[in-house]
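Numbering-wise, numbering that gives the first Met the number 0 puts 253 at position 254 of the sequence shown, and it's gapless, one number per residue.
We put the beta carbon where it would ideally sit given N, CA and C, even for glycine.
Comments concern the structure below.
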Amino acid sequence: MNQSFKSLNTTCTHVGEVADTQFKGAVSPLYMSTSYAYEDVAVKRYPRYYNTPNQVGVAQKIAALEHTEAGMIFGSGMAAISHALFAFLKQGDHVVFQKELYGGTMNLIFTEFPKYGISYSFAENEEVVSFEKVIRSNTKIIYIETPSNPLLTITDIAAVSKLAKSKGILTMIDNTFASPVNQNPYDFGIDIILHSATKYLGGHSDILAGAVAASQAHIDQIFKSAINFGGSLSDFTVWLLERSIKTMALRVQAQNQNAQQMAEFLLAHKAVDRVFYPGLPSHPTHAIAKKQMHGFGGMLSFELKPDYDTEKFLQSLQLIKPSMSLAGVESTMLSPTKTSHALLSAEERANQGIRDGLIRFSVGIEGVEDLVADIENAIVKSLRKQLV
């Protein structure tokens with residue numbers, strides 16, 4: 000089903016459904032075959048060509064959610080990012096990156112770009128003038144991530160898009176933290192939208208996937224490289240992803256509400272030093288977030304004051320899981336220094352403003368009163384004078 004709907008929940012539920020023409024089931028049938036007929040068929044299907052029935056259906060759903068013409072799905076968020084970048088880059092090209100990026104993306108830049116003779120620069124901060132300062136004559140892509148991982152910095156999407164278009168430069172955005180529920184960068188002129196579908200699109204901490212949404216022309220270009228790189232995923236995972244997206248709007252809206260309350264609670268807490276959340280009026284770019292986001296998301300970060308031991312705090316949590324990844328229906332916390340940005344050096348993390356005591360908080364759908372009680376208990380147990 001490919002028509003458009005006014006309701007986000009209807010789009011999540013019905014766009015891209017694969018019709019069960021044999022038994023009239025209520026959900027898409029699962030096509031596990033890796034071998035399809037090639038004679039007398041309109042489409043020659045093969046999983047590595049991203050065109051099995053389930054793959055096509057989910058790609059259509061993601062495109063509809065991001066307001067784009069087309070989409071593709073991949074085996075991980077990093078597969079989506081790397082396939083998209085290398086589809087448009089060659090030796091001698093230059094890329095401008097936002098300074099604050101997911102650690103895996105940073106590691107890709109530092110380790111792989113030099114091998115291919117691709118140069119890069121980082122904008123000094125999220126201000127559009129910082130991007131303009133580092134543009135070169137051979138700049139092909141401006142790449143941003145907003146809200147950023149893990150400090151939730153906000154970049155003005157429309158301003159970056161306007162700058163790029165004035166110079167004929169392609170734009171890409173990692174929209175994982177926002178999700179299509181909270182932010183649609185295509186509406187602000189961004190060319191290519193990237194997701195770790197493992198996160199809010201999946202939402203249950205049980206699948207690994209990535210997604211790209213863009214114009215049909217840009218997806219066609221990515222496809223040409225993707226069939227060589229081979230970053231497709233199994234149809235069972237695709238089927239699970241479609242199942243998960245059906246409830247995404249409901250999940251994310253609940254997480255938005257919880258995260259706002261948790262950010263306000265932490266900001267007012269005597270044991271907390273700093274809170275990073277775009278929904279707080281104290282956030283330096285709160286006004287920009289309000290302009291380009293429908294909701295402020297389920298992710299926040301914070302730091303405890305020096306009197307409290309961060310590691311002991313995480314170990315003392317009972318309901319909230321100290322766990323890798325994010326965006327599941329269950330709340331999790333982690334240390335970016337030890338997980339998402341562990342591949343970066345201490346100097347590289349410091350350059351992004353990531354301190355060792357930073358805690359990233361992925362807020363789930365639990366009752367806020369239960370989350371508050373768990374944090375209060377962990378704070379009490381992490382007071383350093385009790386550790387002597």
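Relative to the C-alpha of residue i, which candidate in the options has its C-alpha closest?
i	options	result
Ser324	His66, Asn148 and Val127	Asn148
His390	Lys223, Val328 and Arg354	Nothing can be reported for residue 390: it is not among the residues displayed for the chain, which extend from 0 to 387.
Arg44	Ile226, Ala372 and Tyr276	Ile226
Phe130	Ala58, Val362, Val159 and Met105	Val159
Pro335	Lys320, Ile319, Thr145 and Ser300	Ser300
Asp369	Val274, Lys290 and Asn257	Asn257
Val362	Gln259, Phe312, Ile378 and Ala267	Gln259
Ile153	Thr51, Asp272 and Ile143	Ile143
Thr170	Lys161, Ala177 and Phe176	Lys161
Ile56	Thr12, Ile221, Met77 and Tyr35	In the sequence under discussion, the amino acid at residue 56 is Gly, which differs from the Ile named in the question. It is Thr12.
Gly202	Ala212, Asp219, Val251 and Asp190	Val251
Phe285	Thr145, Ile189 and Ile364	In the sequence as presented, Phe is not what sits at residue 285; that position holds His. For the residues Thr145, Ile189 and Ile364, the minimum Cα distance to His285 belongs to Thr145.
Lys89	Phe96, Phe73, Glu99 and Pro113	Pro113
Ile319	Ile374, Ala349 and Asn350	Ile374
Phe4	Leu64, Ile244 and Val42	Leu64
Met388	His66, Val95, Met105 and Val128	Examination of residue 388 is not possible in this model, given that the chain is present from 0 through 387 alone.
Whole angstroms are fine: how far does the CA of residue j sit from the CA of residue i?
i	j	result
Glu68	Gly229	23 Å
Ala18	Asn8	19 Å
Ala425	Met71	Summary: the structure shown does not reach residue 425, with the chain confined to residues 0 through 387, and so no result is reported for it.
Met388	Val367	Nothing about residue 388 can be reported from this structure: the residues present for the chain run from 0 to 387 only.
Leu343	Phe121	15 Å
Gly352	Ser32	47 Å
Thr338	Phe22	46 Å
Ser315	Tyr307	12 Å
Phe322	Arg359	What sits at residue 322 in the sequence shown is Ser, not Phe. Distance between the alpha carbons of Ser322 and Arg359 is about 10 Å.
Phe275	His282	7 Å
Thr197	Gly167	32 Å
Leu279	Leu200	25 Å
Ser381	Gly102	28 Å
Leu333	Thr110	25 Å
Met298	Ala326	8 Å
Val371	Ser136	52 Å
Glu99	Ala83	19 Å
Given that a residue counts as buried once 16 or more other Cβ atoms are within 10 Å of its Cβ, and exposed if not, what is residue i?
i	result
Pro179	buried
Val40	exposed
Ala58	buried
Arg383	exposed
Val14	buried
Gln215	exposed
Leu386	Low confidence applies here, because Leu386 scores a pLDDT of 49, under 50, leaving its location unreliable; read the following figure in that light. Label assigned to Leu386: exposed.
Ser204	buried
Tyr430	Outside the shown range of the chain (0 to 387) lies residue 430, about which nothing can therefore be said.
Val237	buried
Tyr49	buried
Tyr37	exposed
Pro164	Reading the sequence as shown, one finds Lys at residue 164 and not Pro. Counting Cβ neighbours within 10 Å, Lys164 comes out exposed, since fewer than 16 surround it.
Ser6	exposed
Val379	exposed
Gly24	exposed
Is the separation between the beta-carbon of residue i and that of residue j shorter than 8 Å?
i	j	result
Ala288	Ser75	no
His93	Tyr115	no
Asn174	Leu193	yes
Gly294	Asn183	no
Ala86	Ser231	no
Lys60	Glu310	no
Ile172	Ile156	yes
Asn53	Ser34	no
Ala270	Lys304	yes
Ile206	Leu239	yes
Val211	Ile189	no
Ala177	Gly296	yes
Gln97	Glu123	no
Kindly indicate if chain C contains any beta-carbon less than 8 Å away from that of residue i.
i	result
Gly294	Any reference to chain C falls outside this structure, which holds one protein chain only.
Which full runs of the beta strand (DSSP E) of 3+ residues lie inside the region 330-383, going along the chain?
Contiguous beta strand (DSSP E) elements confined to the region 330-383 occur at 331-333 and 357-361, taking only those with 3 or more residues.
Entirely enclosed alpha helix (DSSP H) segments - the region 77-165, minimum 4 residues:
102-111, 127-132 and 156-165
Uninterrupted alpha helix (DSSP H) stretches inside the region 8-81 (no shorter than 4 residues):
Listed in chain order, they are 52-64.
Taking only runs that begin and end inside the region 154-240, name each unbroken beta strand (DSSP E) of 3 or more residues, in chain order.
Listed in chain order, the complete beta strand (DSSP E) runs (minimum 3 residues) inside the region 154-240 are 169-173, 191-195 and 209-213.
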